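For reference, the structure discussed in these notes is given below.
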Ligand SMILES: [Fe+2]
Ligand SMILES: [Fe+2]
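In the working numbering, the protein residues as written are 1418 to 1752.
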């Protein structure tokens, strides 16, 4: 399969993976042959990229950051509880903790495989989608930091609820941190470190954040981890930039630019060890002028995956960028 930008889709191409809404409803199933009206429909619901079937890359596997059934159940729990906060009802903390445990269980099996959370789904409830993404990323970072199971569950719980005081609107109002914290801290089932993430996830490492302008290790470690995941997901999916999504390596560059200022540089390092820059299936231009599709990852070296290069005549061969060190990826093509 191959990842294709919505603008380049053509009638006759077949979907390799279903297109979902964020609440898990299938909009179009895999195997379906695209028509003009299907393409318009995909575009209208805000999907920016889809996977299509391409026989040249039939062996390319795209790993799911979270099993679809788990993602759907976590999304449901979060959706119910986020709306409870805004109608002044109590949070069901045990449902949220259970959701966090499912994410931890799943991601522990996938540690060492790397993570890409590049979304190919619609964004109808972006705040929920965002919170689930942040929780998944946080779980991967926590694994890199050698947290034990209990700590991981508390950390991921904090990530799931970090924006629980926020409304489903693009702009984050500063008061969402105290609204969320007030709602979370009265829940006896939550560890205080989880609830504190609601209050501290906009504090910056250099003290320039809000609400208290605390810095460095005065910000709890959980909050510093969630801050990195939060910043990355916002950049990747363009939540602060008119929903214009960018590619993972660009989102990571934007993180590097603020490491040591907004973000804890050591946590950014741990994050680098777990992330995938160029997801399987994406088309790249190499520094030797050849085009190729990423077919496999070299975990820990996110900038050097294995690429299958081609020209008009067909496939030329596979290049492992970890072995061909003079070559590098020059550009990601949204084609
Ligand atoms: Fe926030
Ligand atoms: Fe957030």
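By construction, the Cβ of each residue, glycine as well, lies at the ideal position given by its N, Cα and C atoms. Every value quoted in this text rests on a predicted model; they were computed, and no experiment measured them.
What do you reckon, are the CB atoms on residue 1482 and residue 1532 nearer than 7 Å?
Yes, these two residues count as a Cβ contact at 7 Å.
Check the DSSP bridge columns for residue 1728 and list the partner residues they point to.
As DSSP reads the structure, residue 1728 sits in a beta bridge with 1731.
Tell me, please, which residues DSSP counts as bridged to residue 1746.
Beta-bridge analysis with DSSP links residue 1746 to 1703.
If residue 1474 and residue 1698 are in contact, beta carbons under 8 Å, what's the gap, nearest whole angstrom?
About 7 Å separates the Cβ atoms of residue 1474 and residue 1698, confirming a contact at the 8 Å cut-off.
Whose CB is closer than 5 Å to a heavy atom of ligand 2? List the residues in chain order.
Having a Cβ closer than 5 Å to some heavy atom of ligand 2 are 1580, 1647.
Inter-residue spacing [alpha-carbon to alpha-carbon] between residue 1672 and residue 1664
Distance between the alpha carbons of residue 1672 and residue 1664 is about 13 Å.
Buried or exposed: where does residue 1480 fall if 16 or more other Cβ atoms within 10 Å of its Cβ makes it buried?
With fewer than 16 other Cβ atoms within 10 Å, it is exposed.
Option nearest residue 1731 by Cα separation, candidates 1709, 1746, 1633
Minimum Cα distance to residue 1731 is reached at 1709.
Tell me, which residues are paired with residue 1713 by DSSP?
Beta-bridge pairing links residue 1713 to 1723.
Spatial distance of residue 1576 from residue 1621 (CA atoms)
If you draw a straight line from the Cα of residue 1576 to the Cα of residue 1621, it is about 16 Å long.
Using the three-state DSSP reduction, which class does residue 1597 fall into: helix, strand or coil?
In this structure, residue 1597 counts as helix in the three-state DSSP scheme.
Is residue 1589 close to ligand 1? I mean its beta-carbon at under 6 Å from any heavy atom of the ligand.
Because some heavy atom of ligand 1 lies under 6 Å away, the Cβ of residue 1589 counts as near it: yes.
Measuring straight from C-alpha to C-alpha, what distance separates residue 1642 and residue 1560?
About 11 Å.
Measure the Cβ-Cβ separation of residue 1551 and residue 1646 and say whether it is below 7 Å.
Yes, the Cβ-Cβ distance between residue 1551 and residue 1646 is below 7 Å.
Inter-residue spacing [alpha-carbon to alpha-carbon] between residue 1454 and residue 1711
If I take the Cα positions, the gap works out to 30 Å.
Please state the DSSP three-state secondary structure of residue 1517.
Residue 1517 sits in a helix when the DSSP states are folded into three classes.
Roughly how many whole angstroms lie between the Cα atoms of residue 1519 and residue 1565?
Pairing residue 1519 with residue 1565, the inter-Cα distance amounts to about 15 Å.
Can you look up residue 1492 in the DSSP assignment and give me helix, strand or coil?
Looking at residue 1492 - three-state DSSP - the assignment turns out to be helix.
In terms of DSSP beta bridges, what is residue 1422 paired with?
Looking at the DSSP assignment, residue 1422 forms a beta bridge with 1466.
What are the boundary residues of the beta strand (DSSP E) that residue 1443 is part of?
Taken as a continuous stretch (DSSP letters only), the beta strand (DSSP E) holding residue 1443 covers 1443–1445.
Which value, in whole angstroms, describes the spacing of the CA atoms of residue 1503 and residue 1628?
Here the alpha carbon of residue 1503 sits roughly 21 Å from the alpha carbon of residue 1628.
Neighbourhood of residue 1744 by C-beta distance below 8 Å, restricted to the same chain and skipping five residues each side:
Excluding sequence neighbours, residue 1744 sits near 1703, 1704, 1705, 1736, 1738.
If you draw a straight line from the alpha carbon of residue 1713 to that of residue 1468, how long is it in whole angstroms?
Distance between the alpha carbons of residue 1713 and residue 1468: 16 Å.
Touch test, the region 1443–1459 against the region 1425–1433, Cβ-Cβ under 8 Å, three pairs minimum
Yes, the region 1443–1459 is in contact with the region 1425–1433.
Simplified DSSP assignment, three categories, for residue 1449
Residue 1449: coil per DSSP, three-state reduction.
Tell me whether the beta-carbon of residue 1501 lies closer than 7 Å to the beta-carbon of residue 1508.
In this structure, residue 1501 sits near residue 1508, with a CB-CB distance shorter than 7 Å.
DSSP state of residue 1483, grouped into three classes?
Three-state DSSP puts residue 1483 in coil, outside helix and strand.
To the nearest angstrom, report how far apart residue 1632 and residue 1680 are at their CA atoms.
Residue 1632 and residue 1680 have their C-alpha atoms spaced approximately 10 Å apart.
Name the one or two DSSP bridge partners that residue 1737 has.
DSSP, once it has assigned bridges, lists 1723 as partnering residue 1737.
For the alpha helix (DSSP H) containing residue 1618, list its first residue and its last residue.
Note, residue 1618: premise wrong, no alpha helix (DSSP H); not H, not E.
Beta-carbon gap between residue 1516 and residue 1494 smaller than 7 Å
Yes, the Cβ-Cβ distance between residue 1516 and residue 1494 is below 7 Å.
Short check: CB of residue 1612 to CB of residue 1605, under 7 Å?
Contact: no.
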